[in-house]
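Residue numbers (the working numbering), protein chains in the order written: chain X, 11 to 126; chain H, 3 to 116. Heads up: the structure comes next, in structure tokens.
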Amino acid sequence: KAGVTQTPRYLIKTRGQQVTLSCSPISGHRSVSWYQQTPGQGLQFLFEYFSETQRNKGNFPGRFSGRQFSNSRSEMNVSTLELGDSALYLCASSLVAYRGRYNEQFFGPGTRLTVL
Amino acid sequence: TQLLEQSPQFLSIQEGENLTVYCNSSSVFSSLQWYRQEPGEGPVLLVTVVTGGEVKKLKRLTFQFGDARKDSSLHITAAQPGDTGLYLCAGATIGGGSNYKLTFGKGTLLTVNP
Numbered sequence: 011k012a013g014v015t016q017t018p019r020y021l022i023k024t025r026g027q028q029v030t031l032s033c034s035p036i037s038g039h040r041s042v043s044w045y046q047q048t049p050g051q052g053l054q055f056l057f058e059y060f061s062e063t064q065r066n067k068g069n070f071p072g073r074f075s076g077r078q079f080s081n082s083r084s085e086m087n088v089s090t091l092e093l094g095d096s097a098l099y100l101c102a103s104s105l106v107a108y109r110g111r112y113n114e115q116f117f118g119p120g121t122r123l124t125v126l
Numbered sequence: 003t004q005l006l007e008q009s010p011q012f013l014s015i016q017e018g019e020n021l022t023v024y025c026n027s028s029s030v031f032s033s034l035q036w037y038r039q040e041p042g043e044g045p046v047l048l049v050t051v052v053t054g055g056e057v058k059k060l061k062r063l064t065f066q067f068g069d070a071r072k073d074s075s076l077h078i079t080a081a082q083p084g085d086t087g088l089y090l091c092a093g094a095t096i097g098g099g100s101n102y103k104l105t106f107g108k109g110t111l112l113t114v115n116p
């Protein structure tokens, strides 16, 4: 069974640009979550999508947005990039449709975004 | 805001030594997960603990969930270089409706030297 895939793996952008990152969940997984990981702040939750609907959202500005398609693939977009947006962006998929206590998430390898 | 404090932040030990990593919070979690992350990869789930006081063992790794479900520890016996990585704890909270949330600690970077 293929794992979670993320594209691209590496990305370099300049301030003010926008970027779109893609995530393909494990087959059959309908929940996709996005996280930002930086050395200073660690792993921070961005948002979660389930059945094409944003189900939960972290404390990030509106420049960060996402969507999910009918095949459960998800994209996240960051507009007007800032230097502080440089980070590893991780996507995680989950099988559980109803969120019980065992919501095991499977992470992709991440997209390393560098903003110059 | 729920915070998970992990300690120590960095740990460098020799092969064969034992170690313990701590994960503490003032909040109660419905479950707590431990992940390991290697360079260039995403975190990989090691274990989920659910019941206060629960102890789970995974080969040389022992995980414990505090009685009050606010803290957890990871103990590694006879560490090996292959144990090197970033260890993350994550607490799960489930509110009403769709308010599920996983809060991560900042991690403990473990280096096991041969």
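For glycine and all other residues, C-beta sits at the position ideal for the given N, C-alpha and C.
Neighbour list for residue i in chain X, Cβ cutoff strictly below 8 angstroms
i	result
K58(H)	Chain X residues near K58(H): none, gap ~13 angstroms exceeds 8 angstroms.
Same chain, Cβ closer than 7 angstroms to residue i, neighbours up to 5 away in sequence not counted
i	result
L91(X)	K23, R25, G26, Q27, Q28, V29 and V125
F135(X)	Here chain X comprises residues numbered 11 to 126, so residue 135(X) is not present and cannot be evaluated.
Closest Cα partner of residue i within the set the options
i	options	result
I96(H)	T48(X), V42(X), R65(X) and R19(X)	R65(X)
T50(H)	F60(X), C33(X), Q54(X) and Q115(X)	Q115(X)
A94(H)	V30(H), E19(H) and N20(H)	V30(H)
R77(X)	S37(X), G120(X) and S41(X)	S41(X)
F74(X)	S80(X), Q51(X) and Y99(X)	Y99(X)
I15(H)	D73(H), A81(H) and S74(H)	A81(H)
G94(X)	M86(X), P18(X), S82(X) and P71(X)	P71(X)
L60(H)	D73(H), Q8(H) and R38(H)	R38(H)
Q54(X)	A97(X), F79(X), L105(X) and S84(X)	A97(X)
S80(X)	P35(X), A12(X), Y20(X) and G120(X)	P35(X)
E62(X)	G120(X), S82(X), P49(X) and L105(X)	S82(X)
Interface partners of residue i on chain H, CB under 9 angstroms
i	result
E114(X)	Q35, L47 and T50
F55(X)	K103, L104, T105 and F106
Inter-residue Cα distance where the pair is residue i and residue j
i	j	result
C33(X)	S43(X)	10 angstroms
R122(X)	P10(H)	26 angstroms
G54(H)	F67(H)	6 angstroms
V114(H)	G68(X)	34 angstroms
S37(X)	V14(X)	9 angstroms
K58(H)	S33(H)	13 angstroms
G84(H)	K108(H)	21 angstroms
P41(H)	Q16(X)	16 angstroms
E58(X)	Y45(X)	9 angstroms
E85(X)	S74(H)	34 angstroms
V88(X)	R19(X)	16 angstroms
Beta-carbon separation (whole angstroms), residue i vs residue j, contact threshold 8 angstroms
i	j	result
L90(H)	T22(H)	L90(H) to T22(H), Cβ: 16 angstroms. No contact.
E43(H)	N26(H)	Actually they do not touch by this definition, with Cβ atoms about 26 angstroms apart.
T86(H)	R62(H)	Actually they do not touch by this definition, with Cβ atoms about 14 angstroms apart.
L13(H)	L88(H)	11 angstroms between Cβ atoms; not a contact.
Sequence-distant residues of the same chain with beta carbon closer than 6 angstroms to residue i, five excluded per side
i	result
A92(H)	Q35, L104 and F106
G18(H)	A80
Contact set between residue i and chain H, taken where Cβ atoms lie within less than 8 angstroms
i	result
P119(X)	G42, E43 and G44
Residues that residue i contacts on chain X, provided the C-beta gap is smaller than 7 angstroms
i	result
G109(H)	G52
Contact set for residue i: own chain, Cβ-Cβ below 8 angstroms, skip 5 residues either direction
i	result
A70(H)	V30 and G54
L47(H)	Q35, W36 and Y37
L5(H)	S27, S28, S29 and T105
Beta-carbon neighbours of residue i, restricted to chain X and to distances below 9 angstroms
i	result
L90(H)	G52 and L53
Contacts of residue i in chain H (Cβ-Cβ under 7 angstroms)
i	result
L100(X)	G44
N87(X)	Those do not exist, as N87(X) stays about 20 angstroms from chain H at its closest Cβ, beyond 7 angstroms.
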